[in-house]
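Student: Okay, so the sequence shown: first residue is 35 according to this note's numbering, each after it adds one. Glycine residues also receive a C-beta, built at the ideal position from the N, C-alpha and C atoms.
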Amino acid sequence: QPVLAVVGRPNVGKSTLVNRILGRREAVVQDTPGVTRDRVAYDAQWAGRRFTVVDTGGWEPSATGLQAAVAAQAELAMNTADAVLVVVDASVGATATDEAVAKVLRRSKRPVLLAANKVDDERLLSDVASLWSLGLGEPYPVSALHGRSSGDLLDAIIKALPEAPREREAVAGPRRVALVGKPNVGKSSLLNKLTGEQRSVVDSVAGTTVDPVDSLVELDGQVWRFVDTAGLRKRVHTASGTEYYASLRTKAAIDSSEVVIVLLDASEPLSEQDLRVLTSVVESGRACVLALNKWDLVDEDRRHQLEKELDRGLVRVTWAERVNISALTGRSVRKLAPALRTALASWDQRVPTGQLNSWLSELIAATPPPVRGGKQPKVLFATQAGIRPPTLVLFTTGFLEAGYRRFIERKFRERFGFEGSPVRINVRVRE
Ligand code: GDP
């Protein structure tokens with residue numbers, strides 16, 4: 035989602051205005067001199083558009099004086115955000131510090147909006163016009179305290195911000211499950227076990243048209259759409275069951291699903307083919323449940339061996355829940371539905387920006403990113419830019435090593451869950 039940075043010298047009413055914009059959704063903590071605030075970024079919404087508001091106060095405490103500090107802040111904002119909102123106190127007029135900020139922002143390639151704050155009564159409107167001299171375009175008169183005209187300002191903000199990238203739409207109807215795994219792992223057996231005598235389920239879902247290649251299956255009181263199962267139902271085990279055909283089918287099924295059940299044969303060593311299936315799932319960004327099938331054939335020795343294989347083979351899907359099942363006997367097959375539900379809930383989950391940043395700033399204060407080339411990269415703020423899969427964007431002043439990104443992901447999962455879903459972490463380094 036797009037980012038709006040708010041800049042301005044202290045006491046112009048930035049925090050009050052940000053609170054206005056947020057509609058008190060997440061209250062901004064007041065600036066306290068000398069204290070670094072723990073929250074800097076928040077979720078906002080106007081006219082159906084979502085965006086992130088970043089209050090830049092407290093980013094860069096500076097010993098070189100207020101003017102330099104605020105100018106540096108503006109510089110950072112301009113290089114990080116999609117649009118910048120400058121707040122000026124109209125009752126005071128443009129000060130030397132405001133001029134310094136304007137000088138920086140006139141170079142901005144991104145849109146800049148000018149808010150003339152504290153226009154608490156009509157007499158001040160004439161002073162507002164004088165702010166054209168800052169060279170930042172039309173000043174929007176607002177009174178953060180009284181809520182005056184913030185609608186016009188918000189309309190202008192929405193116009194200036196780029197559209198958020200569209201998220202994968204929630205497909206109406208039953209949630210879509212792919213059942214994948216190498217040939218003979220037990221896919222048809224499991225589907226048969228799950229469907230049992232359920233042919234009537236198709237009729238019982240009102241208004242659903244079923245793609246003939248899909249199967250509707252009721253599990254645990256909920257109807258699921260198992261995608262691309264035609265071949266499985268007919269138990270086609272001809273020459274077309276070659277590896278090439280199988281891998282194409284696997285990719286197609288994953289693409290049309292939201293959550294994938296990866297079947298692994300617990301009675302045999304993990305194979306290259308299993309790993310290729312897992313790679314496809316990881317790359318697809320779909321939620322995932324691992325089902326270790328043929329558990330009826332697993333004895334004590336095999337179990338120890340299997341643990342070692344899984345430790346090595348599943349490093350990229352450690353977040354996926356594992357269920358030990360037997361499609362033959364039906365053992366633990368009923369545990370699949372709750373696992374699917376958990377995975378999808380994680381896949382759909384969104385952490386509010388305020389919460390995310392208060393957690394992140396604590397984490398980073400305790401364990402800062404490793405120094406690279408003599409420089410300490412700083413993480414300025416983060417937002418969860420999307421769901422399905424959950425995707426975080428970290429705004430930083432430098433490159434973050436893969437190891438540190440993995441550390442952040444691990445801690446993020448410890449704090450917020452996300453079992454059964456991949457979590458993507460993108461880093462946007464300020465230019
Ligand atoms: P698919 O190619 O993945 O669809 O695999 P199938 O469902 O056709 O199963 C291949 C073989 O494994 C068949 O002989 C099944 O009876 C057998 N099989 C499937 N699941 C199990 C299981 O849980 N335990 C055991 N012992 N055999 C199974």
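Should G22 be listed as close to ligand 1, given that the test is whether its C-beta is under 7 Å from any heavy atom?
Tutor: This structure leaves residue 22 out entirely; the chain is present only between 35 and 465.
Student: Taking all protein chains shown into account, do 16 or more other C-beta atoms lie within 10 angstroms of the C-beta of G42, making it buried, or fewer, making it exposed?
Tutor: Result: buried.
Student: Is DSSP giving R462 helix, strand or coil here?
Tutor: Correct three-state label for R462: strand.
Student: If we count Cβ pairs, one from each stretch, closer than 8 Å, do we get three or more for the region 111-122 versus the region 139-146?
Tutor: The region 111-122 vs the region 139-146: in contact.
Student: Contact between the region 396-409 and the region 366-385: three or more CB pairs below 8 Å?
Tutor: Too few Cβ pairs lie closer than 8 Å, so no.
Student: Bridge partners of W329, per DSSP?
Tutor: Paired residue(s): none; W329 is not in a bridge.
Student: Any idea if S234 is buried or exposed, counting beta-carbon neighbours within 10 angstroms, 16 or more meaning buried?
Tutor: Below a pLDDT of 50, predicted positions are generally treated as unreliable, and S234, at 46, falls in that range; no measurement from the model is reported.
Student: Which value, in whole angstroms, describes the spacing of the CA atoms of E302 and T417?
Tutor: Spanning the two alpha carbons is a distance of roughly 43 Å.
Student: From the DSSP output, which residues share a beta bridge with W80?
Tutor: According to DSSP, which records beta bridges pairwise, W80 is partnered with R83.
Student: Mind pulling the beta strand (DSSP E) runs of 3 or more residues that sit fully within the region 136-168?
Tutor: Segments of the beta strand (DSSP E) lying fully in the region 136-168: 146-151.
Student: Starting from the Cα of G230, find the closest Cα among N45, T363 and R384 and give me that residue.
Tutor: Nearest option by C-alpha distance: T363.
Student: Leaving out five residues on either side along the sequence, give the residues of the same chain with a beta carbon under 8 Å from the beta carbon of F452.
Tutor: Around F452: W353, S380, Q383, P424 and F446.
Student: Is there contact between the region 152-170 and the region 213-231, where contact requires at least three CB pairs shorter than 8 Å?
Tutor: No, the region 152-170 does not touch the region 213-231.
Student: Our contact map puts L139 next to T50 with C-beta atoms below 8 Å; I'd like the distance itself, whole angstroms only.
Tutor: Not really, about 21 Å apart at Cβ, beyond 8 Å.
Student: From N391 to Q307, what distance separates their C-alpha atoms?
Tutor: Straight-line Cα distance between these residues: approximately 41 Å.
Student: Answer yes or no: the CB of N327 versus the heavy atoms of ligand 1, is any distance below 7 Å?
Tutor: Correct: N327 has its Cβ closer than 7 Å to ligand 1.
Student: Is P196 buried or exposed, if buried means 16 or more other CB atoms sit within 10 Å of its CB?
Tutor: Answer is exposed; the Cβ neighbour count stays below 16.
Student: Heavy atom of ligand 1 less than 7 Å from the Cβ of S360, yes or no?
Tutor: Yes, the beta carbon of S360 sits closer than 7 Å to at least one heavy atom of ligand 1.
Student: With DSSP collapsed to three states, give me the class of W258.
Tutor: Here W258 sits in strand by DSSP.
Student: Since S249 is in the beta strand (DSSP E), which residue starts that stretch and which ends it?
Tutor: Counting along the chain, the beta strand (DSSP E) containing S249 begins and ends at S249 to L253.
Student: CB of S366 to nearest heavy atom of ligand 1: below 7 Å?
Tutor: No, Cβ of S366 sits at least 7 Å from all heavy atoms of ligand 1.
Student: To test your reading of the DSSP string, which unbroken beta strand (DSSP E) runs of 3 or more residues are found completely within the region 367-431?
Tutor: Counting only runs of 3 or more, we get 413-420 and 425-430.
Student: Quick one: does the C-beta of G215 sit closer than 7 Å to a heavy atom of ligand 1?
Tutor: Checking every heavy atom of ligand 1 against the Cβ of G215, one is found closer than 7 Å.
Student: Since W393 contacts R449 with CB under 8 Å, what's their CB separation in whole angstroms?
Tutor: Correct: roughly 6 Å between the Cβ atoms.
Student: If you draw a straight line from the C-alpha of V40 to the C-alpha of T90, how long is it?
Tutor: Each residue's Cα considered, the two are about 6 Å apart.
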